[in-house]
Structures are given as structure tokens and as C-alpha cells.
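First residue of the sequence shown: 1080, per my numbering; consecutive thereafter.
Here's the structure we're looking at; comments come further down.
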Amino acid sequence: MLLLNRNDIEKCYSLKDCIAAVSDAFRYFSAGKVDVPLRTQILKQNGKDTFLCMPAFCEDYEAACVKVLNMFPENISHGLPSINAQVLNIDAQTGVVNAILDGNYVTQLRTGSASGVALKYLAKKNCRKGALIGTGGQAATQLEAMLIVRHLDEVAVSDLDFERAQKFAVKMQKDLAQYHTKITAVETGNEAVQDADVVISVTPSTKPVYDAHFIKQGATICGVGAYQPQMEETPAELVAKADKIYFDSKDAVLAESGDIIIPLNEGLVSDSDFTGEIGQVVSGEVTGRENDNEIIFFETVGIAAQDLMAAKSIYDNAVKQNVGTQVNM
């Protein structure tokens, strides 16, 4: 069996590779070609910490995997990752577990890639400013995905902890220097999203992290962090005024994400307001952006199809490039 830690994956695989794999994942998923049960969730009594199990299989892709993932949002305050995970890659022909991958990094790659795919297909071609709200463990790949699919002059970054946002911005300015984008920390979410063409929020907030009226015409917004019904980082008013609303998985979002469940329950949106899944846009089945004035909202809670295609493509690259550690189990 092959063990692949973060350093191993970085040697043979890029976020750009993962955006391509996740694009496939969404396309296959929306075509009904991926077996993905709604993920099993066990929520602790504190209402914050969650244990998750996410299996997936795709006959056409010859891929199978199981991801075990635990989300503990307050870990970040103790210098620990908010997500701890492992992905078991499985040979779809034999059922043999042939690799264990660093699930934290796979999650970062595939979650960032979801926004990358959404912005690739839904954002205006000419974008100048980006906004990123939240600087936790998922933030770096969200930011890089934004820069891979659209050339941006600047990105404003905000966080509840301004000092953390400042440190993040300084690090990202160095780490992502090849994109030639100015990355700066600002004190509020409203300041971040003002005049932004693309917006990504990736927080576990239970209240909106910006005001809807600061979102300009033509903006594309990705809601990434609201993975439970009580979480609402996106203002319900923004969801209500969006011209188009897309999901990674409609069923998963309607079951899990407060960003959509709350405005639905308040009667601000209805099923007729939902445009479709991003996989349907990738395949050409559903129309994406039609003009530069549309406000477009994309909600993702993460589906195992993303882990499936990411893990399979990482494993294939690692084998081809002789990366990782072989162990006998």
C-alpha cells in the first residue's frame, strides 16, 4: 500500500490538476454516474464538532474511495487544524485499499477546486478584484483557485481575527507571488467584498459575514463554509437577490447548508429560484453566466465525488512519478 503525505502530493500534483479532476467529478456526479450516499454525520453535543464518513464509487472512472473526516472549528484557536482526515483510495477492480492519502491536504485541494470550477464557468471573464473571507485551513487553496481561473489585480482578505488575516495575507503574498496579485488584509467583510468581482467565504459562521448591499452587479459569490443547517455565512438577502443559484449537489446543500435552508425557511427563495448543479454547467446541460450584470451565487458543502476523482488522480500521478512510501499492511 502507498502512503502519500502532503509533501508527497505536492511533488506530483498541483491545484490546477485538482481543478480539472473536480470538474470531472461534478460532471460525472450530475450525470448520475457516481454512487455518493449523503455523508454520515455525527454531531457532538456542543453543536460544533463533527465526525464525517464519505464513501464514493464511479464505474466509468474506475475509482473508489472512503474519506474519514473530523471537523473541529475551534481547533484553529489552539494552533491545530480545524479538519483532520484520511482518504483511503481503493482499486475499483479488486477492492484492495492501495493508498492512504493525507486527507487534510486532499480536502484543501478539492474544496479550493470546487470554487475554482465554479468561478471558471460562472465568473465574468474580466475580473479585477477578489475577496476572501476566512483565513482558516481551507483558505489558501480557495485563494489560489481564484487566482488560477481569473487574473486579479488585488484580493482583499478578512477574518474575525484581523491579526490572523494580516499574517495570512503576508504569507500568501509570498507563496502566490507568481500570480502578481496584490493581497491585502482588511478589517471587515464589508470592506473585503465592496467592489469585488469574485467573493469566496469559507467560515463556520452562524451569522452573515458581510452585508448583501455591498455586493455589486456582476459579482460571483462562492459560499463554502456553511456545512450545517445552523450556519449562515451568506446573507439571506444576497441569496434572494441572486440572478442565478448553483450547487455542487442540490440534495446535499438542501440537507446540510444553512446558507440555503435559512432563506428557504424564511420564504425568501423557493425551488424555482435554483438554477442547477455546477456539473450540469460543465456538461453544457444547464446555462451558466449570460451577461456581466448577473449576480451569481454558488453554494458547496463538499461531496465525496470530489475526493474520489482527486484521490484517484493523485494516486495515478504518484505511481507514474514513483512518489510516496510503500508499506506492507
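We treat Cβ as the ideally placed atom computed from N, Cα and C, and that holds for glycine.
Mapping the DSSP letters down to three states, classify residue i as helix, strand or coil.
i, result
"D1371", "coil"
"G1355", "strand"
"T1132", "In the sequence as presented, Thr is not what sits at residue 1132; that position holds Cys. Looking at C1132 - three-state DSSP - the assignment turns out to be strand."
"D1350", "helix"
"K1323", "strand"
"D1464", "Outside the displayed span of the chain (1080 to 1408) sits residue 1464, for which this structure offers no information."
"S1156", "helix"
"T1404", "strand"
"E1223", "helix"
"K1056", "For the chain, the structure presents residues 1080 to 1408; residue 1056 sits outside this window and is missing."
"V1278", "strand"
"D1240", "coil"
"V1380", "coil"
"D1114", "strand"
With residue i and residue j assumed to form a contact (beta carbons below 8 Å), what rounded beta-carbon distance in angstroms separates them?
i, j, result
"A1164", "T1186", "5 Å"
"G1346", "L1201", "At roughly 26 Å, the Cβ-Cβ gap does not stay under 8 Å, so G1346 and L1201 are not in contact."
"R1118", "A1383", "7 Å"
"I1340", "S1192", "Between S1192 and I1340 the Cβ distance is about 24 Å, and since that is not below 8 Å, they are no contact."
"A1416", "C1144", "For residue 1416 there is no data in the structure shown, the boundaries of the chain being 1080 and 1408."
"K1208", "A1256", "Not confirmed; about 19 Å, so no contact."
"I1374", "A1298", "6 Å"
"Y1394", "N1168", "5 Å"
Nearest to residue i by alpha carbon, out of the options?
i, options, result
"D1170", "A1135, K1199, S1161", "A1135"
"V1236", "Y1306, L1226, A1248, Q1124", "A1248"
"I1155", "A1143, L1083, F1353, D1238", "D1238"
"E1138", "T1379, F1108, V1196, Q1400", "F1108"
"S1102", "A1197, F1151, F1377, R1085", "A1197"
"K1146", "E1312, K1391, N1401", "K1391"
"L1231", "D1254, R1243, K1204, E1242", "K1204"
"K1323", "G1355, P1287, E1311", "G1355"
"E1364", "Y1325, Q1124, N1149", "Y1325"
"I1088", "F1130, N1125, M1408, V1402", "V1402"
"N1183", "V1281, L1343, M1150", "M1150"
"A1110", "M1408, N1168, S1328, V1234", "S1328"
"E1266", "L1083, D1338, P1287, R1243", "R1243"
"G1302", "G1174, S1336, I1393", "S1336"
"V1288", "A1298, A1271, K1295, Y1394", "A1271"
"E1311", "T1404, S1093, E1378", "E1378"
"I1262", "A1321, F1353, V1361, E1233", "E1233"
"G1215", "E1223, Q1172, L1081, I1162", "I1162"
"F1293", "K1320, L1188, P1342", "K1320"
"A1291", "F1105, L1317, N1125", "L1317"
With 16 as the cutoff for other CB atoms within 10 Å, does residue i come out buried or exposed?
i, result
"L1211", "buried"
"Q1221", "buried"
"I1121", "exposed"
"M1251", "buried"
"L1159", "exposed"
"L1213", "For clarity, residue 1213 is Gly in the given sequence; the question names Leu instead. The residue is buried, with at least 16 neighbouring Cβ atoms inside 10 Å."
"M1133", "buried"
"G1268", "buried"
"D1254", "exposed"
"S1351", "exposed"
"S1280", "buried"
"D1330", "exposed"
"G1381", "buried"
"V1406", "exposed"
"V1278", "buried"
"M1408", "exposed"
"D1181", "buried"
Between which two residues does the beta strand (DSSP E) containing residue i stretch?
i, result
"C1144", "1142-1150"
"G1209", "1208-1212"
"V1234", "1233-1237"
"I1300", "1299-1302"
"L1122", "1119-1122"
"N1177", "1176-1181"
Compare the C-beta of residue i with all C-beta atoms of chain B and state if any pair is closer than 7 Å.
i, result
"A1383", "Protein chains in the displayed structure number just one, and chain B is not present."
Hey, could you find the ends of the alpha helix (DSSP H) residue i is sitting in?
i, result
"D1338", "1337-1344"
"V1166", "Unbroken run through V1166 is the beta strand (DSSP E), 1162-1169; no alpha helix (DSSP H)."
"Q1307", "It is not in any alpha helix (DSSP H) - Q1307 carries neither H nor E in the DSSP assignment."
"D1086", "This sequence places Asn at residue 1086; Asp is not what is there. 1085-1091 is the span of the alpha helix (DSSP H), which, as asked, contains N1086."
"L1094", "1094-1109"
"A1202", "Per DSSP, A1202 belongs to no alpha helix (DSSP H) and is neither H nor E."
"A1291", "Run containing A1291: none; DSSP gives neither H nor E here."
"N1269", "1268-1272"
Any heavy atom of the ligand MN closer than 6 Å to the CB of residue i?
i, result
"I1212", "Annotation note on the ligand MN: not contained in the displayed structure, which lists no ligands."
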